[in-house]
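Undergrad: I have a structure here, written as structure tokens, and I will follow up with some questions on it.
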Amino acid sequence: MAHNITDLRGHLFDTLESLKDKEKPMDIDRAKAIADVSQVIINSVKVEVDYSRVTGNTVASGFLGEPDTKGGLPQPNPITDHQLPEGTISPKPGVLVHKMRG
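Residue numbers (numbering that gives the first Met the number 0): 0 to 101.
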């Protein structure tokens with residue numbers, strides 16, 4: 000079974016519908032547990048996106064689907080020291096330090 004953002008949204012909307020059911024509503028604690036686990040999944044994907052942004056590497060977890068190579072936003076290139084303007088250093092990937100002259 001594929002687990003992706005579309006599946007997660009479906010489960011969350013199913014949970015919402017179950018909570019709204021006046022005849023047989025979902026238990027509140029169960030709905031909170033579903034929401035908590037969903038947040039953990041989303042946070043792990045945020046880490047993947049940040050990693051990809053900083054390193055320029057693609058993370059193939061499949062959760063967000065394959066990147067669209069036919070249009071859309073261009074993929075960022077990782078910053079290397081030889082691309083930095085004079086007076087700018089990068090102590091680690093994704094971090095820039097600008098030094099003022101004088």
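All C-beta atoms in this analysis are idealised placements derived from N, C-alpha and C, irrespective of residue type, glycine included.
On a predicted model such as this, the values are computed, not experimentally measured, just so you know.
Going by the CB atoms, is the gap between L15 and P24 shorter than 8 angstroms?
TA: Taking the sequence shown and counting its residues from 1, one reaches residue 24 at position 25. Taking the sequence shown and counting its residues from 1, one reaches residue 15 at position 16. For P24 and L15, no; Cβs fall outside 8 angstroms.
Undergrad: Tell me, please, which residues DSSP counts as bridged to H2.
TA: In the sequence shown, the residue the question calls residue 2 occupies position 3. According to DSSP, which records beta bridges pairwise, H2 is partnered with nothing at all.
Undergrad: Buried or exposed: which applies to F12, given that a residue is buried once 16 or more other Cβ atoms fall within 10 Å of its Cβ?
TA: The count along the sequence shown starts at 1 and reaches residue 12 at position 13. Answer is exposed; the Cβ neighbour count stays below 16.
Undergrad: What are the residues that DSSP puts in a beta bridge with K45?
TA: By one-based count along the sequence shown, residue 45 stands at place 46. In the DSSP output, where bridge partners are listed per residue, K45 has none listed.
Undergrad: Just verifying my parser: in three-state terms, what is the DSSP assignment at K23?
TA: Taking the sequence shown and counting its residues from 1, the one referred to as residue 23 is at position 24. K23 falls in the coil class under three-state DSSP.
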